[in-house]
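Working notes, beginning with the structure itself.
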Amino acid sequence: MHLSKEEERILAGEEGWARARALEVVVKVGEALGAERLQPIAHAHVSGVSYYNIGEPGRRFLEDLAASGAKVSVPTTANPIGFDLDSPQGLDVLDISPEYVRGQMAILNALKSMGIQTTLSCTPYYMPDVKRLRPGNSVAWGESNAVVYANSILGLRTNREGGPLALMAAIAGRTYYYGLHVPENRVPRVAYRPGQGMKLDEARIGVMGELISSMHRAEGPPMLEARLSEAQAKELGAAMGAAGDIAMVFLPGITPERPPKKVREVIEVEASDVERRLEELAPPAHVDIVYLGCPHASAEEVEELARLLRRGSPRPGGPRLIITMSREEEERLSAEALEVIRTFKGLVVRDTCLVVAPLRRQALSVATNSYKAYFYLSRRGLKVGLEPAERLAERLVSGV
Amino acid sequence: MSEALTLRGRQLVSGRAVGEAVFLDAISFYGDVDPTTGRLRDGREVKDKVIVALRPRGSTVGSYIMYALRVNGAAPAGIVMSRVDPIIVAGAVLAEVPLVAFIDENQLRGVRDGDLVELLGDGTIIVRKSARGS
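Residue numbers (the working numbering), protein chains in the order written: chain A, 256 to 655; chain B, 50 to 183.
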């Protein structure tokens, strides 16, 4: 691999042990993949910070790294942890022991001492720092839904780095020039088109994400020829990132890059295939929890749910409403929306989500509009069904 | 006299190593290896052994498990693989475990548990077949 004078200097330890080691990891991984040089990055997002996910080995590593004096050299945000910092025990479906809190707080302190902004959200793309980045900037992000969002909606360039590598890139200020950092690898060659009569809501779009990620084998990202809202594009990316290893989907009208003049092949996604899969994934008539916010909800998504709820009053004995979102998005919520959520005894939880938190029991049934939540929670043994927000609202109100 | 086999790959993480082989088709350090003891789920130990595996699989937490093995004194002496992924490479750098990859899969399949595997540090691997013929 070709290294600049400065990179040689860092590797030789002239900026400290931690930075040398971080750059060494990036270089070795790059060499293993055949990268010829490094790529400076403008931002990093570190995943794998929940004590539930990384346990003692992760805590130990992050603490040792922080103790060695490691500091990030670009603005860096972090993924959700295992509980809401304001009330670790506030969500009774979570199993938060004092030991758990200690382990999680040790991780958090290590992140802070390395200079990482503890945004604790899987939607770094809503953060002001990130909104200031420009299409074409390279970043190193380690959360699959955020990776797809960055590449497809913001025009940022990142591979699926995973937690440790994103952190190493953050400290080194560089990643390896490979994959989606290379412009020609961002050009779609195969397009997918929703079939005749397909209804486009976030649940169906999530299912479409699953179907496309199981079909897509071609070089380059898939292209989807459909007019999607921001929220729909986000769910599509989250579904693709969960069901497979897709890191970018080209969305004409949304993706800032110029679409190709033509593609090699256009594949129709049959409406009947989507409906069949959606039927398989349908929630049971009665569920314990209605879950919104995987990935973390935007203020707009919650406002939309509040509008739907305002049509009726809370159904007695109905399911509980749990919303997970970042603190920044929560602050943007209107007083009316907050009032509606309060009336419905909904719980707005920050810093965490049901996917990365330790759950008290697996015998819970959940209805959600997020394919990603379905994918991960059902693998943790929960009974999870998928349906659009409109249907979720119907579960919560009476007399509609 | 034991029969010796020479394999060539690319040295991704530097260092020489020697140890008995522990062979796996696919390895995910997360889930397969106890980070405290270095014991595999099937009861075999990786501590001071050379892990020989065809391919990686699994979660990014694997890098942290490899680091934990080093800290807990249960790290393998070396790793020899056909294919690798960023998780394994990052973990091997962090745990300072010599790693050689891109060795032909069929050649690696010839390695058995208990064979003595030596990493010469330049991507060359010498495999001495165990007399036990396990």
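No residue lacks a Cβ here, since even glycine has one placed at the ideal position from N, Cα and C.
Every value quoted in this text rests on a predicted model; they were computed, and no experiment measured them.
Within the region 399 to 420 of chain A, contact with chain B at the beta-carbon level (separation under 7 Å) is assigned to G417, G418, P419 and L420. Residues of the region 114 to 139 of chain B whose Cβ lies closer than 7 Å to any Cβ of chain A, in chain order: I114, Y116, A117, V120, V133, P135, I136, V138 and A139. Taking a cut-off of 8 Å for Cβ pairs, the region 452 to 461 of chain A and the region 427 to 440 of chain A do not touch, as fewer than three such pairs fall below it. Taking 8 Å as the cut-off, the Cβ atoms of I371 of chain A and V301 of chain A count as close. Membership of D81 of chain B in the alpha helix (DSSP H) is indicated by the continuous run F78 to D81. Apart from the 5 residues on each side of it in sequence, V604 of chain A sits with its Cβ closer than 6 Å to the Cβ of D339, L346 and T579 in its chain, given in chain order. Taking 8 Å as the cut-off, the Cβ atoms of G640 of chain A and A537 of chain A count as close. Cβ-Cβ distances below 7 Å link R106 of chain B to A75 and S77 in the same chain, with the five nearest sequence neighbours on each side left out; the list follows chain order.
In this structure, the straight-line span from the alpha carbon of R357 of chain A to that of F505 of chain A is close to 42 Å.
Scanning chain B for C-beta atoms nearer than 7 Å to the C-beta of A287 of chain A yields L61, V133, V138 and A150, reported in chain order. Every alpha helix (DSSP H) stretch that sits fully inside the region 371 to 454 of chain A and reaches 4 residues is listed by chain position as 383 to 386, 399 to 404 and 418 to 427. Across the set A:V445, A:C608 and A:S589, the C-alpha of A:V445 shows the shortest separation from the C-alpha of R519 of chain A.
When secondary structure is reduced to three states using DSSP, S259 of chain A falls in the coil class, being assigned neither helix nor strand.
Contact between V110 of chain B and N400 of chain A does not hold, since their C-beta atoms are separated by about 18 Å, which reaches or exceeds 8 Å.
Residue range P353 to S368 is occupied by the alpha helix (DSSP H) that includes V356 of chain A. Three or more Cβ pairs closer than 8 Å define a contact, and the region 127 to 146 of chain B falls short of that threshold against the region 628 to 640 of chain A.
In this structure, L651 of chain A keeps its C-beta atom at 8 Å or more from the C-beta atom of V542 of chain A. Within the same chain, Cβ atoms closer than 6 Å to the Cβ of P147 of chain B are found at V62, G64, A66, G127 and L168, the five residues on either side in sequence being excluded. Check the Cα spacing between P379 of chain A and each of A:S368, A:E398 and A:S393: the tightest is with A:E398. By the Cβ neighbour-count rule, N414 of chain A is buried, with 16 or more other Cβ atoms within 10 Å of its own. E645 of chain A has its alpha-carbon roughly 15 Å from the corresponding atom of L533 of chain A. Scanning its chain for C-beta atoms nearer than 6 Å, with the 5 sequence neighbours on each side dropped, one finds around Y116 of chain B the residues L143 and A144, in chain order.
Per the coordinates, the alpha-carbon of H471 of chain A lies some 43 Å from the alpha-carbon of S653 of chain A. Within the region 87 to 127 of chain B, the runs of beta strand (DSSP E) that reach at least 3 residues and sit entirely inside it are, in chain order, 99 to 105. Taking S323 of chain A as the centre and dropping the five residues before and after it, the same chain places the C-beta of W272 and A273 closer than 7 Å to its C-beta, in chain order. Following the DSSP letters along the chain, one finds P135 of chain B inside the alpha helix (DSSP H) bounded by residues P135 to A144.
The Cβ atoms of L420 of chain A and V284 of chain A lie closer than 8 Å to each other. Contacts with chain A at 8 Å (Cβ-Cβ) include L143 of chain B. Between the region 382 to 399 of chain A and the region 291 to 298 of chain A there are three or more inter-stretch CB-CB distances shorter than 8 Å, so the stretches are counted as touching.
The beta carbon of T86 of chain B does not come within 8 Å of any beta carbon belonging to chain A, so the residue lies off that interface. Taking C-beta atoms under 8 Å as the contact rule, T374 of chain A and K367 of chain A fail to qualify, at a distance of about 12 Å. Counting along the chain, no beta strand (DSSP E) covers T598 of chain A; the unbroken alpha helix (DSSP H) around it starts and ends at A590 to T598. G172 of chain B and A124 of chain B have their C-alpha atoms some 20 Å from each other. Straight across, the Cα-Cα distance linking I336 of chain A with C608 of chain A is about 8 Å.
At a cut-off of 8 Å between C-beta atoms, T173 of chain B does not count as an interface residue with respect to chain A.
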